[in-house]
Structures are given as structure tokens and as C-alpha cells.
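Trainee: Structure provided below as C-alpha cells; questions to follow.
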Amino acid sequence: MVPTPAPRPRRRRRWLAGSTSAALLVVAAVASTATAAPLTDEHGFADGDAQGWFTYANAGTVSSTAASGEMCAVVDGGVNPWDIALQHDDVTYDRDTTYTVSFEAHATAPVTVPVQGGLGYPAAFGHQVVLDGSATPQHVEFTFTPADWPTRPGTPGSPVADDWTTGTGQVSFQLGGQAAPYTFCVDDFSVTSGARIDHSFAGGDLGEFSLYDAAGGGTARAGADGLSACIDLRGGYANPYEAGLERKHVEVVEGRSYVLELTAYASAPAPVNVLVGQFGEPWHRVLDDDAALTTTPTTFTYAFMADASFSADPSAAYGRIQLELGRRTAPYTFCITELSFAETTEPPPPYEPDTGSRVRVNQVGYLTDGPKRATLVTTETDPVDWELRSGSTVVASGTSTPRGVDPTAGVNVHVVDFGDVTTPGTYTLRADGETSHPFVVGDDLYDSLRHDALDYFYPVRSGIAIDGSIMGDARYTRPAGHVGRPGDAGANQGDHAVPCITPAEAQHLYGDWTCDYTLDVVGGWYDAGDHGKYVVNGGIAVAQVMSTYERALHAPTGDVVALGDGSLDIPLVEQTNGVPDALDEARWELEWMLRMQVPAGEPLAGMVHHKVHDVDWTGLPLLPSDDPQERRLHRPSTAATLNLAAAAAQGARLWEPYDAEFAAELLAAARTAYAAAVATPDLYAPAPNADPSPGGGPYDDTDVTDEFYWAAAELFLTTGEAQFRDAVLANELHTADIFTAGGMYWGETAALGRMDLAVVESDIPGRTAIRQSVVDGAETYLERQAAEPFGTAYSGNDDGVYEWGSNSAVLNNQVVLGTAFDLTGDQRFADAVLESMDYLLGRNALNISYVTGYGDVFSDDQHSRWFAHSLTDALPNPPVGSVSGGPNSDVGTWDPVISGLYGPDHMCAPQLCYVDDIQSWSTNEITVNWNSALSWVASFVADQRGGASAAGTVAWVRTGPADVTVADGAQARFTVAASGSPTPTVQWQRLVDGTWTDVPGATEATLALTVRTADSGARFRAYVANTFGGAYSDPGTLTVAAPGAPVGGGGGGTSSGATPAAGAGPLAVTGADPWALLGMGLLLVAAGAGAVVVTRRSRTTG
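Under numbering that gives the first Met the number 0, the residues of the sequence shown are numbered 0 to 1101, in order.
Okay, structure coming up:
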């Protein structure tokens, strides 16, 4: 039942206009005796203030007063209407503006009163006010456009010429000439430019509004209070717009400011979407907000500046006001009392985010032996005292370190370091009169995040019904999405038998290209907030998911068990199949990528279609299973083809122990794709211009040097073949500094190949230098982090701009830092990863954790069509462990929501350019390639315990062996120096008939040989290994001088130019040939500690 609210006094509102105006036709001008207030302010006559209104009588009598809170005139006589008037002077308006006159009026007798205004007859407007003589005020509202007024010379008597632009005049009610004395009263008078709506729903009067229940059948009625219009709603709508209130044909002008105000209530708490936007394609919105209704009538006010123009013309895509009422799942009654909408000269007040406490901490916590720093926002320039508290007990104290104004945050900050505290517990930090969010000090803070970040991928799977019970939350249960065919009776028109986009649909993108086949592309992951599936984004995402597992195979601190079978919330058959769950999840995407490959016999065979998505954009909210759009394959691209080559090659080596048939399928597809890319190296995905890629994102890329490098690297690591090795070494990026400000992303993938070459065991020439390049890149990030008082290793791009998806840049920099730690064991790199987590989890300018479910205040309204709880109670928020894209200060990429909060006159510092709003896709989207980076980092930090790792370090070749020249019959000595913990073992190898083959018993640091002339040109290398894998030295070459020729020394080593490093695992091999000495005498010389013989299978080189 709807409660009956008590009647309320009429509101007094103040409206402002973009341009002041109004005028009137006056026969006799009489000086005003009161101070005039602009008519663009609503004249409510409070406290008896006449606000510039006055009366005069050329015949008869008149008196006036505003003592009752409205302006009243007592009128007697007058022959003509204009003999007696209530008037306001000094009203200014512009020629090309449309104005709205709005007021309430009543009289003590039935009368018709003219209201007129202008610059003088005939440049004037006029309107007849018909009053019924009752005491109930009648609302009057009408519009006029001065451009319609007659001008000279066409109308010789007009006071204005054709070229006039602005004028000042009057407005008056002409009260004379009535049959008997009477009293006329007016209130809430305004003349405003632009749109103006002011409607009372008393008695159920809808006026020009419609109150509807399209899906449930409810009808509008008068509210029991007599002040409102109500509707009984069934709840549980599929879409929030299936029930609503709307006013069509509303004019909105870009760049002008507006205020929408409404008073409403409901029988139970109910969320309502409040919208002003376009009725018609592309359904643009200039206001997209909500109201949380309660059982008490509440007034909600929304001030905004329009970023687009909509006409009131019903023949066009006109503007409309809309309240979407279908969000609540349970039945309820909605009631509305008043709604007004008007243009204002006052821009909306500058947006200021609620940042809470000025003490910013990692809201999850800090590892017991890890770094512990917080950031204090303060105006103080001297050190500030701080206290660390456990409950009310002070456990540590000190003073802060001033860091000055941080340009990325726009505030003055200090840093607080409480790293000496190592006692586990829950704490708060107090400084400068403020207290932080509580946080934990402990050792297992990130164990759950490791799994939650990876669990993100199951509910974004396409082509499979999602079982919410697997995730422990039934709200995530949904039908399979995109499992239909074109023409099916169900909503979905894909992804079985998807055709290619046609020239008629995409001439501006691909010219005359199309195809005459269809593909079954069911499966894979939905990319982001839409229902599209993109190979280039899927490629980096699946690679990072696989690398999360592959890192555990090679890193000293890696935990394979934590990523093993049964570790994730995925279908039971996958949890119990003996395969690590991270690989099961990756397989879902890999199999879809295989389906995107052009079949043999077709043009561009072996290439890979860039993407598949809807032919046009859909709205929010929308379950994948309810998407009615047809789907299209887009033209293959070289970038997508190389993404498949790289990801499939990596998947082949990881899946080989578990499913050799699938691994072989992946490797075959990778080879085919790479060969197709080599044959077609410049088929690029275009960036649309006039039409911004209808239905999906472009993911345009016109430089695929990085993809060629990445694909060749993965194929070499999996096969060891010379063609891929040579492609790696020949690529210009192989020796370039590729570690950019943001680490890597889908358009810059070279770092993926470089890091895998550093970590995954192979005999790539110059591997020591490859490893060192990763370490050098990490050192650069350390330098940047040292300059950032909020602890992040990301400071924006080279121009200081936080780019779209800045949190992914933070994360990918952490991947580089974590890899450097895995290679070196240098605790500085692990600490840097941990401290960057502080930024992501609350130690930032907004005091928010960007990971859903982690911390006290976290992002949970990210842009998504089906994780859309803020739009409908029927759908959930994004799952725990979802990372938001984060601050974006690249204004040219902004969405309407963030554009409405900031602008040229009120710009945000880079860290502040974010809002947790489902419609802010440019700051608050979720994507598979951002959560894949979080998965890698979360697994890394879960493996750390904060202090110096006792797990050991990987084997690293530090020097040698050098080339050796000796005389015939002399002894040649090859020496290698290595580091690692445990101490690496050594196995020497010789290149025999193109195959590197172990030298039996050659397991010391120095290999000594007595050689003959026939041995000249022989090549030797050392393989050093410990628990975490091994590394090959670059080979040394033996030269045996002819008798009498000069010779060099007996051998030694050459510096690798590297610091200790490693990161290896099982070697990919291609054959096993027996050792052949070929007439050479062999002498092993003990040159170091005893070593266990390492048996390595031989491999062929070319």
C-alpha cells in the first residue's frame, strides 16, 4: 500500500536562463518604484518582496501588494485592458532564442487577462490568460520566439530593424476593462530561454507526460494524497525501460546548462533511472543518473551541461525526459508529485568527488615483512605526526615525509612509512586529524585475489550457460549467450554460421571485401562491457592467463599447486580433469580463436578474422542471451593472425603434457597463421572515421612489428626451430627498448615475447642480454615509482596523461617488475610490485580500491551490459576480483558521464579523472585483458611473503665461454661462470652435425681438450641448471692453428655484460643423437666445485 504523504506547501524554485529576455507592449510607461529582479529568476514574492513589479492606472483604480507571498492587484474600472496594468520593466532578450513564460495565476472573478511583452508594438508577444474565478492557482505556460516579430522595413511601424539582435523592453498583465471590480494574483513568474517544463501531477494529471507499464499492464491513476500520479508495477522486468514516465519533444541545446527536478516516492525502496536524451539513434544521453526512492516524498535535483543538441521536432530524433521504473525485481507502486526542467545560466556546480579520509592506505593490507607506506593529503608543508593504532592502542608513531604537490593528483601530499611494524593484526593509521580505513597486516592477504582474478573469466564466457552456484552466487546464473543462427526464432542471431560483413554494411571500413562462407564461432570470452569478441584483445588476455601458470613452473616463488586442478570456480568437469584450471580456462578462449581462422581453400586462408560482434550497438542492461542483433565476422587482419600464432604456440607447449592432440592442433594452427601473416604482412584493421565502428570497438593497429616478434618468439620457444629463431633475431624490436610507460597492451605486444624469451628455457642466442633488458626495463619503473608519492610505478604516458585503462598500465608495469624479481631474486622488484598494489587497492587520490570486493570502498558499478545491478536489481554487479579501467585524463576519449563532470573550466588531475558509474565506459570498463594482467600480478603477490625470499634464484650464465685459438696438439680450455641458488650444475655440449650433444662426463666449470687440426671450427657451449631450470651459454668456437702460425691463449671466458639472472624450465627438444668425438682427445680438468651430471637430450640447430 502506498502511504499518503501530508500535503506540502508549494515549492519556491529559482530558475536561471542562458539568455535573459522578455518584453511587452506598453501604451503608457510608468516608472517602477521597486528594485527589479531579473525575470529569469522565478519570482515567488517571498517576504512581501515585489521584485520589481508595479501597477499603474490610466483610468480606474488599482492597488497592489505582495504581502501574502504572491503579487496581487485590486482592480476597479478602466475602459480598455491597457488602462490598468501589472508590469515589470528592463527585460532583455535575444532575437534568435526561444523563450518560455511560466506562472501561476488566479482571480476572484472569471476574467480573461492579456499578458504581453516585447520591444513595442508590433514587436511583441501576446497570450490570453483565462481564469475561472476560483482561489486555486492555474498554471500557465507558453513559448515565443522574437525572430518571428515584424521588423522594418517590411513593417514600417516596427520599433526594430531587420538586423537587430538584442533589445530591452517590458512585460505586463493588462487588467482593465473588466465588468466588475476583482482581485488578480500571480506567482512563480519567469521568462526563461530554452526548454522549460514545470508540471504538477496533482489529482493524477499527466499533462504531456505518459506514465506506462508496457510489460506489466499497470495503468496510471491519481494518488491517494491528491497531489500525485501513481502506477502499480509488477516488478521483475527484463529491462528497466519496460515501465516508465516520459515527456517527449524536449529541446536540448549543446553547451547549455539545465536543471531537472522531481519529487517522487514509492511503496517500497526502489531505484529509478533518470534520463534526458535522444529518442532515436544513437540514443545519446546528456543526463544519465538515478534516484533512490523511499516511502517519503523526496525531491531530487540534477544539474548538468548538455554535450549534444536534440530537437523538439517530432519528425526528428527528438529529445525526451525519461524515468525508467523497471529496475526493482519485486512489485511496487511508483508515485510522482512534481517535475520541472529548465535551462539555467548557472553551469552545474563543479563536481568534487567524495574522497573520504585524507589518509590513504592499501585498504586490504600489507604483508608482514613487506613495504608499508601510506599517503597523507594535507596542506601542511612540514612533517606531520602519525600514529598506527590497533583498536584504541597506539602501536607505532612517527612523523611523515613531505613530498610536495603531486601533479598526477593535484594535491599536496606526505608519505608515512610504518614498515617496522611486523605484528599481524588489524590497524588504522591516524595523521593530521584524520583516520584511515582499517587494514590488515598478515601473510596471506592475496591468496583469495589470485583465484578471484582468474575466476572472472568463467562468467564472461560466451556460448555456455553460466551456473552461479559454481561461483557461490545464484545471481550470476544466466542462459548461454550467442548460440543461435541467423533467422532463428530466439533472440540471438549468432554465433553459429556467422557471415562476413558486407560492403553495403562496411564500405567505409573494408571497401569491397567480404566472404562467401560462414563460420561457427561459438565460445570464447566476451571482451568487455559489450558482447563483442576480439582476437587481438583475446590474444594478450589468454597469453597472460597462460603466463600466470607458466610463471609458476619457472619462478623460485611460483606455486603450481595454487593454480592446479580444482583451484578455480569453473565447471566441475574442468575442476576434476587433471589439468591445471588456469589452462582449462585458457582453452575456452583458444578454441574460439581457432574457429576464427579462415578455412583452407578460401581467400586469405590461414589468416584470422579480426573480430565478431553485433551489427550495431545495443543498450544497457542486456543479457547476452537477449541480444537481438545479427552478428558479423570482420575482415581478417595480420595483427589478429599473429595473435593466434603467438597464443596457440604458447598453449601448445603448456598443453602438451595434458592433451597432446590438442597441443598438436594448436601448434599446427600457429604455424599456419604465422605463414599466412608472412605472406600477407600488411592487412591492417582500420580505424573508422565518420562512423565509430558500429556494434563494436575497432582495435585498429597499423604496426605489427611487435606481433611478428611475439609470435616468432613463442613459436621458437615451443619448437626450437631455426626459422623462428632467425625471425626473432632479425626483428628490429629484439634489441630495442620496448618497455614503455605502460608496460604493454594489445597494440604493443613485443614485451610479451621478450619476457617469455627471458623466462622460458631455450638456447636463443644472447639470452643473457635478453634477460638483462627485462631487468633494465624494471629499473626504469623503479625510478618512476620512487618519484610517485602514491606508490605506483605508473606516472602516465610521456605527456603525463593517464590513458584509457590506466590501471592496466599499472598492472602491466607490475608484470615487468615481477618478472625482473623472478629473474634476479632482487627484493627491490618484488617490493615495487607490492607497493603498486597499494595504489590499486586504495592508496590513491580518490581513496578507492579499483578491484571489486577488495577494501572498504571499491569499484562495483563498472560498465557492463549484464553485470548491471545499478540498472536493474535482476542482474548482479561485476564479480569479486574485477578490476576497473581506472582514471583516464585523455579528454578526447571521454564518455558523456565523465565529460559532464569535468571540462576545460574544471579539469581533473589525472588520478581524479574517474567515476564509478556504469555508463562511464572510458574510465570504468572491465575487460578480459585487464583482468588477465591482474591475474598474473595477483598470483605473483600471493606467492610473496614480503621479506627476502628464501626460495632461491634461477641459474644465470655470467661469463663465457670465449673463443679459443691453440696450436695443433695443444690443450684448449673453455670456461663458464654461473650464478644461482642452489648452485647450478654444468653440462658441456658440442655441436655435432648440426645437433647440440652432451659431452659425456663434462660437468665442471672448465672443459679442457687436447685438440688436432681437424677439430678447428668446433663449437662448444655450457648448460647450467638448478632446481628452477637452466640457461645455455652462447657458444665458444675452437680454432686450431696450423704449425708455425701464431696462437692465442688457452681459453677463458668473455663477459656476458649481465647481472645474475635466470628463469628456466623444461627444454623443448627435437631429437636425440649419440655423442661423437670425431678423433678428438678429451681431458676434463676440475676447475670448481663438484657437480652432478645433468643429462640433457640433444637438440638440432641450423
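Using N, Cα and C, we set each Cβ at its ideal position, and we do this for glycine too.
1) Taking its Cβ as the centre, do 16 or more other Cβ atoms sit within 10 Å of MET906, making it buried, or is it exposed?
2) Helix, strand or coil: how does DSSP classify THR1036 here?
3) On the DSSP bridge assignment, give the partners of ARG746 in chain order.
4) With distance defined between alpha-carbon atoms, name the residue in SER192, GLY206 and THR191 nearest to HIS198.
5) Using only CA atoms, which one of ALA599, THR718, LEU682 and ALA684 lies nearest to ALA645?
6) Roughly how many angstroms separate the alpha carbons of GLY318 and ALA123, rounded to a whole number?
7) Apart from the five residues just before and just after ARG827, which ones in its own chain have a Cβ nearer than 7 Å to its Cβ?
8) What three-state label does DSSP hand LEU1106 in the structure shown?
9) Let me know the secondary structure DSSP gives ASN1025 once reduced to three states.
10) For PRO346, which residues in the same chain have their Cβ closer than 7 Å to its Cβ, ignoring the five residues on either side in sequence?
11) Is the beta carbon of SER535 sitting closer than 7 Å to the one on TYR744?
12) Measuring CB to CB, does VAL273 end up less than 7 Å from LEU210?
13) Would ASP451 pass as a contact of GLY804 if the rule is Cβ separation under 7 Å?
14) So PHE939 is in the alpha helix (DSSP H); what residue range does that whole segment cover?
15) Going by other Cβ atoms of all chains shown within 10 Å of its Cβ, with 16 needed for buried, is VAL376 buried or exposed?
16) Using the beta-carbon count (16 or more within 10 Å), is HIS733 buried or exposed?
17) What residues match up with LYS532 in a beta bridge as DSSP calls it?
18) Under a three-way DSSP split, which group does GLY409 fall into?
19) For LEU232, which beta-bridge partners are listed by DSSP?
20) Just the C-alpha distance for CYS334 and TYR236, rounded to the nearest angstrom, thanks.
21) Could you tell me whether the segment 558-565 touches the segment 811-828, using the rule of 3 or more Cβ pairs below 8 Å?
22) Straight-line CA distance for THR189 to ALA908?
23) Verify whether the separation of the beta carbon atoms of MET595 and VAL482 is less than 7 Å.
24) Considering ILE196, what are the terminal residues of the beta strand (DSSP E) in which it resides?
25) Sort THR513, ARG372, ALA932 and THR300 by Cα distance to VAL809 and report the nearest one.
26) Helix, strand or coil for TYR211? Go by DSSP, reduced to three states.
27) Helix or strand or just coil, what does DSSP make of SER18?
28) For PHE857, which residues in the same chain have their Cβ closer than 7 Å to its Cβ, ignoring the five residues on either side in sequence?
29) Considering only residues of the segment 240-276, which uninterrupted beta strand (DSSP E) runs meet the minimum length of 3 residues and lie entirely inside it, listed in chain order?
30) Taking only three categories from DSSP, how would you classify SER794?
31) Among all the DSSP beta bridges, which residues are the ones paired with PRO498?
32) When the distance is taken between beta carbons, is TYR55 closer than 7 Å to THR107?
33) With which residues is ARG73 paired in a DSSP beta bridge?
34) Could you give the C-beta distance for TRP968 and THR1009, rounded to a whole number, given that I count them as a contact under 8 Å?
35) If you run the structure through DSSP and keep just helix, strand and coil, what is ILE917?
36) Buried or exposed for ALA104, please, with buried defined as at least 16 other CB atoms from any protein chain shown within 10 angstroms of its CB.
Mentor: Reading off the structure:
1) Exposed, because fewer than 16 other Cβ atoms sit within 10 Å of the Cβ of MET906.
2) Strand.
3) It should be pointed out that residue 746 corresponds to Gly in this sequence rather than to Arg. Beta-bridge pairing links GLY746 to no other residue.
4) GLY206
5) THR718
6) Roughly 28 Å separates the two Cα atoms.
7) LEU781
8) Lying outside 0 to 1101, the shown extent of the chain, residue 1106 is not represented and no answer is given.
9) strand
10) SER256 and MET304
11) The sequence given here places Val at residue 535; Ser does not occur at that position. No, they are not a contact pair.
12) no
13) no
14) Residues 927-941.
15) VAL376 is classed as buried because its beta carbon has at least 16 other beta carbons within 10 Å across all chains shown.
16) buried
17) VAL611
18) coil
19) TYR331
20) 18 Å
21) no
22) A quick correction: the sequence has Ser, not Thr, at residue 189. Their backbone Cα atoms lie some 39 Å apart in a straight line.
23) no
24) 195-199
25) ALA932
26) strand
27) With a pLDDT of 29 at SER18, under the threshold of 50, the modelled position of that residue is not reliable, and the figure given next carries that caveat. If DSSP states are grouped into helix, strand and coil, SER18 belongs with coil.
28) ILE847, SER848, VAL850 and THR851
29) 242-249 and 256-265
30) coil
31) THR517
32) no
33) Note on residue identity: the sequence assigns Val, not Arg, to residue 73. DSSP, once it has assigned bridges, lists SER62 and THR182 as partnering VAL73.
34) Before going further, note that residue 968 is Gly rather than Trp in the sequence given. That belief holds up - the Cβ atoms of GLY968 and THR1009 are roughly 7 Å apart, short of 8 Å.
35) coil
36) buried
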